[in-house]
Each structure stands twice: as C-alpha cells, then as structure tokens.
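Please read the structure below before turning to the comments.
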Amino acid sequence: MFTHRLKYTYLAIASALILLAATGLWQLLHKNTHTPTITVPAGDQSVIPLAIIGSGPAGLSAALYGARAKIHTVVFEGPQPGGQLTTTSLIENWPGVGSILGKKVIEVAREQAASFGALFSTEEIVSIDTKTYPYTLHTSSGTTLSAFTIILATGASPKRLNVPGEDEYWGKGVTSCAVCDAPFFKDKNVVVVGGGDSAAEEALQLVPFAKNITLLVRGDSMRASAIMQARLKDYPQIAVRYNSAIATISGDGLHVTGITLGDGTSMAIDGVFLAIGHTPNINLLKNSVTITPQDLIALQPGTQKTSLPGIFAAGDVTDGRYRQAGVASGDGIKAGLDALEFLREHGYIDTIAVKLSPRLYNPAKLARKPLESIESEQQFTDRVVHGALPVAVDFYSDYCPSCDALLPHLERLAAAHDGSIDIVKVNIMHLPSIAKAYTVTAAPTIALFENGTEIQRKSGSITPEALEALITSKH
Ligand code: NDP
C-alpha cells in the first residue's frame, strides 16, 4: 500500500517536472521571459499605450473604448482602411440601423473614435517584436515604436482559386471586389465564383452593369442565407450553375476571354469575380502567440486575451464561425476593455501618463495636395497627352475602397513632388471612353504618362511603397 502511494507521489512529481520543463521550454523558445511592468521606457523610441492594428469594425470599436477612457490610442489603418465592410454595399444586419452602406458604418465609427481622441496612422506595421516588453512595432518606413498593449484586428483577406491564369489576369478581368470593378463590365458576361452570402451579394452588385451573370457553385447547393438566395431569383440575368469549378482562366494577354471548368467545358466570359471566403491575417503574430488549428489567433476563454500578456485580438482574425461585422465590433469592445484592464493592473496610472507625454507617438500629418479631376476627353488630351510635365493618372471608380485607401498617398506625393509631376484623377464611371481607350479594367489603376505616351502602370492593390516608386521613376 505504502509503496503504491510512493509510486503515485513519484509519478505526480515527475509529471509536474515534465510540465514545468515543457512550459520553460515554450517560454525559452518564444523568449517571453519578461514580466510586463509599465514604466517610462529607456531610450528615445516613441511610445503607444494602446496600439490597434486594423481599422475595420473590430479595430474602430476597440479604439472608441480606448480613446473614451482617455488612453492615448493609435489605430494603424492597414492596407485596406475600414476592412471588408468597405467592399460591401448596403448592409441590413447592423443592429439599430435599418439599412446602411458598409462604407458609412466605417466612416461614422472612425469619426466617433476620433472625436474622443483616437489617432490614425497610415504607416503599415510590418512586424512585431514580442521578445522584450514593451513590445516593439516595426513600420514599413523603418520606424520602431514601443507599445504597452496591442490589439490585433487585422481581419481576413479574400481567398484565391490558385488556378492557371488567375495571377496573370488579376486586375485584367479577375477580381475579388465587385463593388469596385463592376462598372468595367457594362454589357459583358461574367462569372461569380462561390456559393456563400458574399457570392450572392457580388452577383447582385453586378446586376446594374453586366449582361449575364453566372454563379459558379462548386457543390450541389449554396450556403448563402435563404433571403440572399431568394433575391437572386428576382433577376433573370443571374443564373446559378452547380457542381462547377474553374480549372483555368484564359485571355488575350490584356483581358480575360474565357474559362474552362473541371468537367472540360469552356465558357466565353469577360470577368471572373471571386467570393470564395477569406483567410485570417495572422502573420504579424503567428510566430509569437498560440494559433488554433484553423489558423486563427487563439484566445483565452471568455476574453480577447492572446497567449501573450498585453496582446489582444478581435474580429475575423479570431473568428472562424460567425464572421459578422456586429460580432467583430463586439469583440473589439471586449478587446478594448481587456486592454484597459491590463494597463490599469500593470501600473499605467496618471503620473506615468504625464511623464510619458513627450514620448507619445503622434502620427505625422503630412502635407497633401488635392488631385484635380479630369472631366472631359478634351481636358484629358490637354492635360495628359499634351502635358509639359510627366503626368500620373489615377483611374478610380465610385465605391472603390482600394481607390479611397490610395488617395491620401497620391495627395501626399502630389504635394511632395509639386512642380516635377502632375497627378490627376479620372472617374472611370463618368468617363468610360477614356478607360476603354487605355484598356483600364481595374480600379485603381495608376498610369504614368510622359510626352503623351503611357510608360508604366500599376493596378489593383498597390502598396504606398510601389506607388512612390512609380511616381518618382521619371523625374
Ligand atoms: P463563406 O465561407 O460563407 O462561403 C464561401 C463559399 O465559397 C462557399 O460556397 C464555398 O463552397 C466556396 N468556395 C470556397 N473555396 C472555393 C474554391 N476553391 N472554389 C470554389 N468555391 C469555393 O464565405 P462568404 O465570404 O460568402 O461569407 C463569410 C461570412 O460573412 C458568412 O458568415 C456570411 O454569412 C457573412 N456575409 C454576410 C453578408 C450579408 O449578410 N449580407 C454578405 C457577405 C458575407 P462550399 O460551400 O462548397 O464550401
């Protein structure tokens, strides 16, 4: 009996030692041996008490709670300010409001957070160093910043098909943003790939423009909600084709001209709109916090806390189930409250806040020059074709979130290079003839002209760095 008990005691001790060693090894591997204490950090690096990465409903809701509690809160807006909501049109399930444009929800939430003092930065966060505390944020311009708390609200990005022709024709007929690119497909035949709510919505967004819209569903049923499926039936130009998957996308070098399906049949079409779900954007933290088997940021039960102290996550980056704007907003509120509690519990008090004030990070407000709009073909000829300076043309469309995201960067470059380059904008919905003449098939497209000839262009999602390289390449 006694030896039995002794054996169990030894076993228990051995298990505890193994557990301890495993925890130690985990910490050693991740070098998270720090105990967060909030003081004024050594050095001269700027400091952010609450850094929020991402500006969709999750990020903006967290910002509202942080700023309203009078904590210096900085939102890094990311490559697609406002996130996925800006790529939808009307949303009907934002509680408390009947029906509202996704873009408007974001605009109001941003203004609300800003009215309490939240600050917004267009700098992109490229990596986060979690080995020492406070954590270090690295931006694309080479700046490093210290953060006491971080909320990751980077959302999710549209999935790709990974079939031949997709990359070659991306922005030349293949797109994942109907709200941006539908106007380029006036009287054309297009397919929408996917069977969820997004696919149904994309098909409906194409109705005012495209001649025929075929929804390609890979299985034998759609998973879109009944109300969205019913709405598709109201439009004779929308057809649903089941058990159909794209095998290849082909074109004439400039545009998509057709697809082949898995069963070998081909379809002559002009556009492929993808709506096949999203991949959570976990890259910034995937090597430092626990990730779930579904590649989401793992949370401690009932909270928005990640496995690292002072780092929280909210919205689609944590949610593989609901993926609703309202849920993301609620998550953002919880993450904001969790971050405030963390700051309080780790010594962020008024006296520290005062001592920190000279070191607080304030995103630079760079000079901007509004772009002049080209309103007629004649004006395009005078200003662009016969321009004395090199001219960069921003071809944009209404309701194009990537165009909206690029505009402040273009205005900043217009101010910085005033006198050496002319930067103008053309709304392709108002002047489709110019878009057609210059084979512009995606918004935004930035084309650089010199002596009346186009010498370079970039389309689709253009990073600020790529834009600057394009604009500065010829003067
Ligand atoms: P979903 O994950 O709901 O749907 C993705 C669709 O794409 C599925 O039909 C899936 O097929 C299909 N698919 C996935 N991969 C491929 C592939 N490689 N080739 C072909 N088809 C593929 O994503 P959604 O973006 O549509 O919706 C995400 C969430 O957002 C949902 O919760 C939705 O309700 C919500 N939403 C709500 C809206 C609204 O209320 N108005 C509007 C838009 C989105 P399969 O079914 O076979 O897996």
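In my numbering, the protein residues as written are 30 to 504.
For every residue, glycine included, the Cβ atom is placed at its ideal position computed from N, Cα and C.
Closest by CA to H446, which one among G282, P399, W199 and V413?
Selected option, being the one with the closest Cα: P399.
Around the Cβ of R252, are there at least 16 other Cβ atoms within 10 angstroms (buried) or fewer (exposed)?
Exposed is the call here.
Please return the same chain residues whose Cβ sits closer than 7 Å to the Cβ of L130, not counting the five positions on each side in sequence.
Within the same chain, L130 has close Cβ partners S118 and L119.
Skipping 5 residues on each side, what residues in its chain have a beta carbon closer than 6 Å to that of Q323?
Result list for Q323: G349, in chain order.
Looking only at its chain, what residues have a beta carbon closer than 8 Å to the beta carbon of L58, apart from the 5 residues adjacent to it on each side?
In this prediction, L58 scores a pLDDT of 46, lower than 50, which makes its location untrustworthy; the coordinate-derived value is nonetheless stated afterwards. There are no such residues.
In whole angstroms, what is the alpha-carbon distance linking Y425 and S431?
C-alpha separation (whole angstroms): 9 Å.
Helix, strand or coil: which one does DSSP assign to T116?
T116 falls in the helix class under three-state DSSP.
At the level of alpha carbons, what is the spacing between D345 and P86?
If I take the Cα positions, the gap works out to 10 Å.
Any contact between the stretch 364 to 384 and the stretch 134 to 152? By contact I mean 3 or more CB pairs, one from each, below 8 Å.
Contact fails: fewer than three Cβ-Cβ distances are below 8 Å.
Excluding the five sequence neighbours on either side, which residues of its own chain have a C-beta within less than 8 Å of the C-beta of V414, listed in chain order?
Contacts found: F478 and G481.
From the DSSP output, which residues share a beta bridge with V103?
Answer by DSSP bridge pairing, in chain order: A80 and L148.
My output table needs one value for Q56: the three-state DSSP class, helix, strand or coil.
Because Q56 carries a pLDDT of 44, less than 50, the predicted location of this residue cannot be relied on, and the following value inherits that uncertainty. Q56: helix per DSSP, three-state reduction.
Out of Q407, G280, R441 and T286, which has the shortest C-alpha to C-alpha gap to K394?
When only C-alpha atoms are compared, the closest one is R441.
Assign Y94 to one of three DSSP states: helix, strand, or coil.
Looking at Y94 - three-state DSSP - the assignment turns out to be helix.
Checking the sheet assignment: what are the DSSP bridge partners for D423?
K454 and I475, per the DSSP bridge assignment.
Excluding the 5 residues flanking L54 on each side, which residues of the same chain have their C-beta closer than 8 Å to its C-beta?
Confidence in L54 is poor, its pLDDT being 45 and thus under 50, which makes the residue's placement too unreliable to answer from.
With a CB to CB cut of under 6 Å and the five nearest residues on each side skipped, what residues in its chain are close to S488?
Taken in chain order, the residues that qualify are G200, A471 and T474.
With V246 and E231 assumed to form a contact (beta carbons below 8 Å), what rounded beta-carbon distance in angstroms separates them?
The pair is not a contact, with the Cβ atoms about 13 Å apart (cut-off 8 Å).
Any idea what DSSP makes of D263, helix, strand or coil?
In this structure, D263 counts as coil in the three-state DSSP scheme.
Between F149 and the rest of its own chain, which residues show a CB-CB distance below 6 Å, the 5 nearest in sequence each way excluded?
Here the set comprises V104 and E106.
Considering H375, what are the terminal residues of the beta strand (DSSP E) in which it resides?
H375 -> no beta strand (DSSP E), and no H or E assigned at all.
Does any C-beta atom of chain B lie closer than 7 Å to the C-beta of D263?
Of the chains in the structure shown, none is chain B; there is only one protein chain.
Measure the beta-carbon distance from V219 to L235 and round it to whole angstroms, keeping in mind my assumption that it falls under 8 Å.
So it is a contact: roughly 6 Å between Cβ atoms.
Going straight from the alpha carbon of I283 to that of F302, what length do you get?
One detail in the question is off: residue 283 reads as Leu in this sequence, not Ile. Between L283 and F302, the C-alpha separation is close to 17 Å.
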